[in-house]
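Participant:
In our numbering, the protein residues as written are 22 to 384.
(1) By DSSP's criteria, residue 280 is part of a beta bridge. Which residues make up the other side?
(2) Given a cut-off of 7 Å, decide if residue 248 and residue 231 are closer than it, judged by their beta-carbon atoms.
(3) Just grab the DSSP bridge partners of residue 208 for me.
(4) Would residue 101 be called buried (16 or more neighbouring beta carbons within 10 Å of its own) or exposed?
(5) Hey, would you say residue 321 sits closer than 7 Å to residue 159, going by beta carbons?
(6) For the beta strand (DSSP E) holding residue 157, just list the boundary residues, first then last.
(7) Within a Cβ cutoff of 8 Å, which residues of the same chain sit near residue 256, ignoring the five residues on either side of it in sequence?
(8) Please determine, among 99, 122 and 87, the residue with the shortest C-alpha to C-alpha distance to residue 279.
(9) When the Cα atoms are used, what is the spatial distance from residue 168 to residue 363?
(10) Rank 156, 137 and 152 by C-alpha distance to the C-alpha of residue 146 and give the top, closest one.
(11) What does DSSP give as the partner residues of residue 146 in its beta bridges?
(12) Starting from residue 162, follow the beta strand (DSSP E) in both directions and report where the run begins and ends.
(13) For the candidate residues 166, 183, 185 and 137, whose alpha-carbon lies nearest to that of residue 177?
(14) Please report the straight-line C-alpha distance between residue 119 and residue 313, rounded to a whole angstrom.
(15) Specify the secondary structure class of residue 297 as computed by DSSP and reduced to three states.
(16) Between residue 387 and residue 140, what straight-line distance do the alpha-carbon atoms span, to the nearest angstrom?
(17) Within a Cβ cutoff of 8 Å, which residues of the same chain sit near residue 381, ignoring the five residues on either side of it in sequence?
(18) Under three-state DSSP, which class holds residue 52?
(19) Can you name, in chain order, every residue of its own chain whose Cβ lies under 7 Å from the Cβ of residue 173, other than the five neighbours on each side?
(20) To which residues does DSSP link residue 259 through a beta bridge?
(21) Cα-Cα, which of 292, 243, 368 and 86 is closest to residue 214?
(22) Less than 8 Å between the CB atoms is what I'm expecting for residue 116 and residue 262, so what's the real figure, rounded?
(23) For residue 142, count neighbouring Cβ atoms within 10 angstroms of its own Cβ and tell me buried if that reaches 16, exposed if not.
(24) Once the 5 residues before and after residue 296 are set aside, which same chain residues still bring their CB inside 8 Å of it?
(25) Between residue 221 and residue 293, what straight-line distance do the alpha-carbon atoms span, to the nearest angstrom?
(26) Given that a residue counts as buried once 16 or more other Cβ atoms are within 10 Å of its Cβ, and exposed if not, what is residue 133?
(27) Report back the beta-carbon spacing between residue 266 and residue 216 to the nearest angstrom; my notes put them in contact at under 8 Å.
(28) Out of 226, 259 and 237, point me to the one whose CA is closest to residue 2's CA.
(29) If contacts are defined as beta-carbon pairs under 8 Å, then residue 246 and residue 218 qualify, I think. What distance do you get, rounded to the angstrom?
(30) Within 10 Å of its beta-carbon, does residue 274 have 16 or more other beta-carbons around it, so buried, or fewer, so exposed?
(31) Smallest Cα separation from residue 198: which of 291, 238 and 319?
(32) Please state whether DSSP places residue 71 in a helix, a strand or coil.
(33) Under 8 Å by Cβ, that's how I've got residue 251 and residue 85 pegged, so tell me the actual separation to the nearest angstrom.
What follows is the structure, encoded as structure tokens:
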């Protein structure tokens, strides 16, 4: 089965008719229809009213929004590990060109560490799934495609649609991509990140194990790891093998590029939707997708950094993530780990100190 990654059906997805579980709760003489992401239909507007945004009981019975209180939620994925791998890749010009030509030259050149997971948790508390926006005391903010492109340098809606093909979940097909892969390197038809990480070690400049004859495999392993550990991260620490359809020899050797931005943002939105609601009888989910970009997005709009400091000539730097210096390591400060500080910082923001047009000074 092949098709668009953004439209790929979820495993174990329910076959029930959409909106079949919509409920009506009464509040005085008014009827409030609960329509959630998985229950939407084309003729129903799921946007809640202003009064409803202050309510936490308009979800289906037993569903609770994360803002009502939750233990700390784990984040899956590591920007830092991806960028450290790329720093070894730049030692080998032909390999670097293969990765860069796939559309990641600007993004992989950034210098950034992992996000503050507690900060991401607090942002998730502000996410409303039916509107796909963050609700702050100062107003409603949305993470837009323009924000994504300016911060990451990854294109959006430019290039071919990212393909997906389930046939790569079979070992014999995966072997065509990664010589020597075994059944223990795959889990439920997906490729484990621990296996993909093995392809990093030969690139260590101190070991001199690099083989230029298999540059394509090195590039494929890195991009697959970046997809599974960052862009399309999941709670299973593996990459959905169907994405290998985008990493054939033909694609890596210079075919027309892919639209990476659309599926990456789609995965991020889906991850925020799923983790922001606690459902009875369900295992607590992890925060997945490329959530790390949201930290820089918030600091740009809300003009606050705590531990991220803008560099000089910030508006001339692209992508913008490269325009911040992370001072956590140099100061040893633990303030960024405080839920209290982070929540208070958001509560104190008002409309007057929000940059509603953050990119208009860009050059």
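Backbone N, C-alpha and C define an ideal beta-carbon position, used for all residues, glycine too.
Facilitator: According to the structure shown:
(1) Here residue 280 refers to the residue found at position 259 of the chain shown. In DSSP, residue 280 forms a bridge with 182.
(2) Numbered from 1 along the chain shown, position 210 holds the residue referred to as residue 231. Numbered from 1 along the chain shown, position 227 holds the residue referred to as residue 248. Going by C-beta atoms, residue 231 is not nearer than 7 Å to residue 248.
(3) Taking the first residue of the chain shown as 1, we reach residue 208 at position 187. DSSP, once it has assigned bridges, lists 211 as partnering residue 208.
(4) Here residue 101 refers to the residue found at position 80 when the chain shown is read from its first residue. That one is exposed.
(5) By 1-based counting over the chain shown, the position of residue 321 is 300. By 1-based counting over the chain shown, the position of residue 159 is 138. Their beta carbons are not under 7 Å apart, which means residue 321 does not touch residue 159 by this criterion.
(6) Taking the first residue of the chain shown as position 1, residue 157 is located at position 136. Residue 157 -> beta strand (DSSP E) spans 154-157.
(7) Stepping through the chain shown from its first residue, residue 256 is reached at position 235. Excluding sequence neighbours, residue 256 sits near 97, 306, 307 and 309.
(8) As a working note, residue 279 is residue 258 in the chain shown. Selected option, being the one with the closest Cα: 122.
(9) Locating residue 168 in the chain shown gives position 147, where the first residue counts as 1. Locating residue 363 in the chain shown gives position 342, where the first residue counts as 1. So the two alpha carbons sit approximately 22 Å from each other.
(10) Here residue 146 corresponds to residue number 125 of the chain shown, with the count starting at 1. The shortest Cα separation from residue 146 among 156, 137 and 152 belongs to 156.
(11) Here residue 146 refers to the residue found at position 125 of the chain shown. Bridge partners of residue 146: none, in fact.
(12) Here residue 162 refers to the residue found at position 141 of the chain shown. That run of the beta strand (DSSP E) goes 160-162.
(13) For the purposes of this step, residue 177 is identified with residue 156 of the chain shown, where counting begins at 1. The shortest C-alpha separation from residue 177 is found at 166.
(14) Translated into positions along the chain shown, residue 119 becomes position 98. Translated into positions along the chain shown, residue 313 becomes position 292. In a straight line, the C-alpha of residue 119 is about 25 Å away from that of residue 313.
(15) As a first step, residue 297 must be located in the chain shown, where it is residue number 276. Of the three classes helix, strand and coil, the one that applies to residue 297 here is coil, per DSSP.
(16) Summary: the structure shown does not reach residue 387, with the chain confined to residues 22 through 384, and so no result is reported for it.
(17) Residue 381 sits at position 360 when you count from the first residue of the chain shown. Correct list: empty, nothing qualifies.
(18) Within the chain shown, the letter at position 31 stands for residue 52. Since pLDDT at residue 52 reaches only 38, below the 50 mark, its modelled position is unreliable, and the value read off the structure follows with that caveat. In this structure, residue 52 counts as strand in the three-state DSSP scheme.
(19) Residue 173 sits at position 152 when you count from the first residue of the chain shown. Closer than 7 Å at Cβ, skipping near neighbours: 128, 314, 340 and 342.
(20) Here the question's residue 259 lines up with position 238 in the chain shown. In the DSSP output, where bridge partners are listed per residue, residue 259 has 213.
(21) Residue numbering aside, residue 214 sits at position 193 when the chain shown is read from its first letter. Among 292, 243, 368 and 86, the Cα nearest to that of residue 214 is on 243.
(22) Indexing the chain shown from 1 puts residue 116 at position 95. Indexing the chain shown from 1 puts residue 262 at position 241. The pair is not a contact, with the Cβ atoms about 23 Å apart (cut-off 8 Å).
(23) On the chain shown, position 121 is the one that residue 142 refers to. Answer is buried; the Cβ neighbour count reaches 16.
(24) Taking the first residue of the chain shown as position 1, residue 296 is located at position 275. Result list for residue 296: 87, 94, 145, 306, 307, 308 and 309, in chain order.
(25) Locating residue 221 in the chain shown gives position 200, where the first residue counts as 1. Locating residue 293 in the chain shown gives position 272, where the first residue counts as 1. The alpha-carbon atoms of residue 221 and residue 293 are separated by roughly 30 Å.
(26) Counting from 1 along the chain shown, the entry for residue 133 is found at position 112. By the neighbour-count rule (16 or more Cβ atoms within 10 Å), residue 133 is buried.
(27) Position 245 of the chain shown, counting from 1, holds the residue named residue 266. Position 195 of the chain shown, counting from 1, holds the residue named residue 216. Not quite, the Cβ-Cβ distance comes to about 18 Å (not below 8 Å), so this is no contact.
(28) The chain is shown only over 22 to 384; residue 2 falls outside these bounds and no answer can be derived.
(29) Here residue 246 is taken as the residue at index 225 of the chain shown, counted from 1. Here residue 218 is taken as the residue at index 197 of the chain shown, counted from 1. About 6 Å separates the two Cβ atoms, so the contact holds.
(30) Taking the first residue of the chain shown as 1, we reach residue 274 at position 253. With fewer than 16 other Cβ atoms within 10 Å, it is exposed.
(31) Locating residue 198 in the chain shown gives position 177, where the first residue counts as 1. For the residues 291, 238 and 319, the minimum Cα distance to residue 198 belongs to 238.
(32) Position 50 of the chain shown, counting from 1, holds the residue named residue 71. With a pLDDT of only 45 at residue 71, under 50, the local geometry of the prediction cannot be trusted, and the value read off the model is given with reservation. Three-state DSSP puts residue 71 in a helix.
(33) To locate residue 251, count along the chain shown from 1; it is residue 230. To locate residue 85, count along the chain shown from 1; it is residue 64. Actually they do not touch by this definition, with Cβ atoms about 29 Å apart.
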